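Worksheet: the structure to be examined is printed underneath.
Numbering (full-length UniProt numbering), first residue to last: 1 to 179.
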């Protein structure tokens with residue numbers, strides 16, 4: 001079986017060649033695969049670094065927003081307190097103004113009542129004055145009539161009056177109003 005030994009050798013040689021090819025192919029495949037994995041790992045690491053940088057930036061932005069929010073919350077509370085103080089002050093001022101208006105209305109009513117009383121008193125005094133004017137006019141007529149009577153007689157009124165050029169002056173002793 002020389003063919004058998006030569007065939008075995010040939011097959012063994014082919015097998016060795018195939019094994020060499022397989023080893024080279026496996027080595028190339030392994031190196032290519034490893035290179036791809038290293039490349040992917042490098043990209044993944046860069047992606048992780050980028051994600052970490054982005055996460056850090058997001059944390060900084062979040063902290064800035066939280067600080068801004070706290071600042072705005074404080075400003076809001078301050079404005080709320082100011083608004084409440086203004087409302088309380090406005091309410092107090094409005095109540096004070098209402099009291100002042102009430103007092104002024106009372107004063108106005110009192111003044112109106114007092115003016116009405118003064119007007120009645122003035123009207124009463126005017127009526128008294130008119131009555132006195134009428135009475136004075138009546139006395140003058142009586143006096144003129146007496147002068148005329150005395151003038152006809154032997155003694156004039158001027159002779160009876162010790163004060164020369166005396167003028168008539170009426171001084172009422174008291175007046176009682178019937179109204």
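We put the CB at the ideal spot given by N, CA and C, even for glycine. Bear in mind the structure is a predicted one, so any value in this text is a computation, not a measurement.
Where does residue i fall in DSSP's three states?
i: residue 156; result: In this prediction, residue 156 scores a pLDDT of 46, lower than 50, which makes its location untrustworthy; no coordinate-derived value is stated.
By Cβ distance below 7 Å, which residues in the same chain neighbour residue i in space, the five residues on each side in sequence not counted?
i: residue 156; result: Here residue 156 scores only 46 on pLDDT, less than 50, and its place in the model should not be relied on; the value that follows carries that caveat. For residue 156, where only same-chain residues beyond five positions count, the Cβ hits under 7 Å are 150.
Could you check if residue i belongs to the surroundings of the ligand NAD, using beta carbon to heavy atom distance under 6 Å?
i: residue 151; result: The model depicted lacks the ligand NAD and carries no ligand whatsoever.
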